[in-house]
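Visitor: Residue numbers (my numbering): 653 to 1077. Sharing a structure below in structure tokens format, with a few things to ask.
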Ligand SMILES: Cc1cc2nc3c(=O)[nH]c(=O)nc-3n(C[C@H](O)[C@H](O)[C@H](O)COP(=O)(O)OP(=O)(O)OC[C@H]3O[C@@H](n4cnc5c(N)ncnc54)[C@H](O)[C@@H]3O)c2cc1C
């Protein structure tokens, strides 16, 4: 039986490795950490979650909610483990990141069919290979991909929110509660008009850290907070600081979400930022209750590398020019934790079939995972941006169905198709 190589032990690569080994096939999993860290990873653990600890909604009427349901049904070990490490977050799935990546590391390292190779890969060798090196793929490998396959690099900038220590917060100024149907375990920092305007002014004029090739191609769904502030006096109040959904009237409200199970750390919700670290400390301490906040992680912007899958990959996520090479995770042009896990699982299903000399299997497009994979491999955009799971990418035929029942109909079809796919696998 052929061995399968996986490059990158992040979310996509870890899911793929565990799936392939579960089918009795040997895996060689290459991971450069801890010897070489990326700009965002801090440990040598597999499946390290680098930013928010939220894997998004659990509601199937939300794109990521349905994607989770599909992947779980297909047997995702990473999602099952995420539920084991769940922390309270209402209708969303948020995890204790340490619990999660430690468990995945134990599963991988104790599997006799997975050989872990801790080194930076700078070229792809012969044999079936899944490239899952993520948005922070090392420069050496990016260079090789460009030279070897003519893959152009596409970058955009994304951002991280800061995390503060709960004990350092002034609880006299904060209150527990949620907007509308959020759980009551969010912390809220209300602001008066004067406090809000002063804060906005400081945010706009603060010093930013800009990389030399910074080109302002922000991802609209993850805008730095100072960028939102610049868009108008009330932009923040319609965005992350919206004061709606509370029992009392406020001018603006900053929210903080539990970052770990123990509730010792809190993340500033929607506070992705490109400010310098000293400026973050100065400006974010202007938020009522955060005057003495101790920061355990500052926000940052980062490079995001991904390929133009519509030009390079087939519908099984294999390079058209070399079908032995699969791409999965963020580098394939999807965006998000669950999307990375899903594409890792799908690439692994077909890598196993290739190793067994079986025909690759298609993912039905009337599923969220299928819609996502069709989107990245078939869109006609000149410069596509990474895509999240959402109901805007489902097959065109569903748009003939009235909006009031469209999602329900799609969910029904997705459930049936996933069951059929499982039988076919
Ligand atoms: C800073 C940052 C914040 C993000 N925030 C969020 C968020 O809040 N929510 C969300 O849903 N998504 C977020 N994303 C996007 C995305 O979901 C995550 O990056 C996710 O981890 C992608 O999974 P992956 O498996 O594709 O890549 P990763 O999880 O990054 O895994 C790739 C692995 O490959 C390794 N590697 C890279 N190059 C090499 C090489 N040459 N040889 C060997 N190993 C190599 C890396 O060390 C890493 O372990 C964020 C991304 C970044 C970079």
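Yeah, the Cβ is synthetic: ideal placement off N, Cα and C, and Gly gets one too.
So what does residue 910 bridge to, in DSSP terms?
Guide: Taking the first residue of the chain shown as 1, we reach residue 910 at position 258. DSSP, once it has assigned bridges, lists 918 as partnering residue 910.
Visitor: Going straight from the alpha carbon of residue 725 to that of residue 734, what length do you get?
Guide: By 1-based counting over the chain shown, the position of residue 725 is 73. By 1-based counting over the chain shown, the position of residue 734 is 82. Each residue's Cα considered, the two are about 14 Å apart.
Visitor: Using C-beta distances below 7 Å, list every residue in its chain close to residue 818, excluding the 5 sequence neighbours before and after it, in chain order.
Guide: For the purposes of this step, residue 818 is identified with residue 166 of the chain shown, where counting begins at 1. Cβ neighbours of residue 818 beyond the five flanking positions: 915, 916, 917, 918.
Visitor: Tell me residue 979's beta-bridge partners as DSSP assigns them.
Guide: Position 327 of the chain shown holds residue 979. Bridge partners of residue 979: 783.
Visitor: Helix, strand or coil for residue 1041 per DSSP?
Guide: The count along the chain shown starts at 1 and reaches residue 1041 at position 389. Coil, per DSSP.
Visitor: What first and last residue would you give for the beta strand (DSSP E) that runs through residue 698?
Guide: Here residue 698 corresponds to residue number 46 of the chain shown, with the count starting at 1. Taken as a continuous stretch (DSSP letters only), residue 698 belongs to no beta strand (DSSP E), as it is neither H nor E.
Visitor: How would you call residue 843, buried or exposed, if buried means at least 16 neighbouring beta carbons within 10 angstroms?
Guide: Here residue 843 refers to the residue found at position 191 of the chain shown. A buried status is given to residue 843, since no fewer than 16 other beta-carbon atoms sit within 10 Å of its beta-carbon.
Visitor: In or out: residue 1053 buried (at least 16 other Cβ within 10 Å) or exposed?
Guide: As a working mapping, residue 1053 is identified with position 401 in the chain shown. With fewer than 16 Cβ atoms within 10 Å of its Cβ, residue 1053 is classed as exposed.
Visitor: Can you give the Cα-Cα distance for residue 865 and residue 957, rounded to whole angstroms?
Guide: One-based indexing of the chain shown puts residue 865 at position 213. One-based indexing of the chain shown puts residue 957 at position 305. Low confidence applies here, because residue 865 scores a pLDDT of 45, under 50, leaving its location unreliable and the question unanswered by this model.
Visitor: With respect to the beta strand (DSSP E) encompassing residue 955, which residues constitute its N-terminal and C-terminal limits?
Guide: Taking the first residue of the chain shown as position 1, residue 955 is located at position 303. Start and end: 952-958.
Visitor: Rounded to whole angstroms, what's the CA-CA distance from residue 1009 to residue 972? Just pull it up for me.
Guide: Working through the chain shown from its first residue, we reach residue 1009 at position 357. Working through the chain shown from its first residue, we reach residue 972 at position 320. Taking the straight line from one Cα to the other gives about 18 Å.
Visitor: Taking residue 710 as the reference, give the member of 692, 742, 728, 703 with the closest Cα.
Guide: Working through the chain shown from its first residue, we reach residue 710 at position 58. Here the closest residue by C-alpha is 742.
Visitor: Please report the Cβ distance between residue 681 and residue 701, rounded to the nearest whole angstrom; I am assuming they are in contact, meaning their Cβ atoms lie under 8 Å.
Guide: Numbered from 1 along the chain shown, position 29 holds the residue referred to as residue 681. Numbered from 1 along the chain shown, position 49 holds the residue referred to as residue 701. With a Cβ gap of about 18 Å, residue 681 and residue 701 do not count as contacting.
Visitor: Given a cut-off of 7 Å on the beta-carbon distance, is the pair residue 699 and residue 666 in contact?
Guide: Here residue 699 refers to the residue found at position 47 when the chain shown is read from its first residue. Here residue 666 refers to the residue found at position 14 when the chain shown is read from its first residue. Cβ distance < 7 Å, so residue 699 and residue 666 count as in contact.
Visitor: Let me know if residue 963 comes out buried or exposed under the rule of 16 or more other beta-carbons within 10 Å of its beta-carbon.
Guide: Stepping through the chain shown from its first residue, residue 963 is reached at position 311. That one is exposed.
Visitor: Could you round the C-beta distance between residue 911 and residue 815 to whole angstroms and report it? I think they count as a contact, below 8 Å.
Guide: As a working mapping, residue 911 is identified with position 259 in the chain shown. As a working mapping, residue 815 is identified with position 163 in the chain shown. Between residue 815 and residue 911 the Cβ distance is about 5 Å, and since that is below 8 Å, they are a contact.
Visitor: Over the uninterrupted alpha helix (DSSP H) stretch that includes residue 1005, give me the two end residues.
Guide: Against the chain shown, residue 1005 aligns to sequence position 353. Residue 1005 -> alpha helix (DSSP H) spans 989-1007.
Visitor: In the structure shown, what three-state DSSP assignment does residue 739 receive?
Guide: Counting from 1 along the chain shown, the entry for residue 739 is found at position 87. Look at residue 739 here: in three-state DSSP terms it is strand.
Visitor: Less than 6 Å separating the Cβ of residue 683 from some heavy atom of ligand 1?
Guide: To locate residue 683, count along the chain shown from 1; it is residue 31. Because some heavy atom of ligand 1 lies under 6 Å away, the Cβ of residue 683 counts as near it: yes.
Visitor: Are residue 812 and residue 662 touching if we call contact CB-CB under 7 Å?
Guide: As a working note, residue 812 is residue 160 in the chain shown. As a working note, residue 662 is residue 10 in the chain shown. No, they are not a contact pair.
Visitor: Judging by CA-CA distance, which residue of 937, 696, 1046 is the nearest neighbour of residue 772?
Guide: Start at 1 with the first residue of the chain shown, and residue 772 comes out as number 120. The candidate whose alpha carbon is nearest that of residue 772 is 696.
Visitor: Determine the DSSP secondary structure at residue 883, reduced to helix, strand or coil.
Guide: By one-based count along the chain shown, residue 883 stands at place 231. If DSSP states are grouped into helix, strand and coil, residue 883 belongs with coil.
Visitor: Please report how far the alpha carbon of residue 867 lies from the alpha carbon of residue 954, in whole angstroms.
Guide: Counting from one through the chain shown, the residue named residue 867 turns up at place 215. Counting from one through the chain shown, the residue named residue 954 turns up at place 302. Reliability of the predicted coordinates at residue 867 is poor, the pLDDT of 41 falling under 50, and no value is obtained from them.
Visitor: Could you tell me which of 840, 841, 884, 834 sits nearest to residue 856, measuring between CA atoms?
Guide: The count along the chain shown starts at 1 and reaches residue 856 at position 204. Residue 856 has its Cα closest to that of 884, out of 840, 841, 884, 834.
Visitor: How would you write the range of the beta strand (DSSP E) that residue 842 sits in, first residue to last?
Guide: For the purposes of this step, residue 842 is identified with residue 190 of the chain shown, where counting begins at 1. Where residue 842 is concerned, the enclosing beta strand (DSSP E) stretches over 839-843.
Visitor: Would a C-beta distance cut-off of 7 Å place residue 671 and residue 1024 closer than the cut-off?
Guide: Translated into positions along the chain shown, residue 671 becomes position 19. Translated into positions along the chain shown, residue 1024 becomes position 372. Contact flag unset, no.
Visitor: Between residue 982 and ligand 1, is the CB less than 6 Å from at least one heavy atom?
Guide: Mapped onto the chain shown, residue 982 falls at position 330. Under cutoff, so the answer is yes.
Visitor: Taking a contact to mean a Cβ-Cβ separation below 7 Å, would you say residue 935 touches residue 840 in this structure?
Guide: If you number the chain shown from 1, residue 935 lands on position 283. If you number the chain shown from 1, residue 840 lands on position 188. Residue 935 is not a Cβ neighbour of residue 840, given a cutoff of 7 Å.
Visitor: Can you pull the DSSP bridge partners for residue 905?
Guide: On the chain shown, residue 905 is found 253 positions in, with the first residue counted as 1. The partner list for residue 905 (beta bridge, DSSP) reads 842.
Visitor: Using the DSSP secondary-structure output, state which residues sit across from residue 762 in a beta bridge.
Guide: Locating residue 762 in the chain shown gives position 110, where the first residue counts as 1. Answer is none; residue 762 lacks a bridge partner.
Visitor: Taking residue 681 as part of the beta strand (DSSP E), name the residues at either end of that continuous run.
Guide: Position 29 of the chain shown, counting from 1, holds the residue named residue 681. It spans 679-682 - the beta strand (DSSP E) in which residue 681 sits, taken as one unbroken run.
Visitor: Within its chain, find whatever has a CB closer than 8 Å to the CB of residue 751; leave out the 5 residues flanking it on each side and keep chain order.
Guide: The count along the chain shown starts at 1 and reaches residue 751 at position 99. 736, 737, 913.
Visitor: For residue 878, tell me which candidate among 781, 1034, 923, 660 has the shortest Cα-Cα distance.
Guide: The residue given as residue 878 occupies position 226 in the chain shown. Nearest C-alpha to residue 878: 923.
Visitor: Spatial neighbours of residue 1061 within its chain, please: C-beta separation below 6 Å, excluding the five flanking residues on both sides.
Guide: Here residue 1061 refers to the residue found at position 409 of the chain shown. So the list reads 1053, once near-sequence residues are dropped.
Visitor: Closer than 6 Å to a non-hydrogen atom of ligand 1 - does that hold for the CB of residue 816?
Guide: Here residue 816 refers to the residue found at position 164 when the chain shown is read from its first residue. No, Cβ of residue 816 sits at least 6 Å from all heavy atoms of ligand 1.
Visitor: In the DSSP assignment, what residue or residues form a beta bridge with residue 767?
Guide: Sequence index remark: in the chain shown, residue 767 carries index 115 (1-based). Answer is 680.
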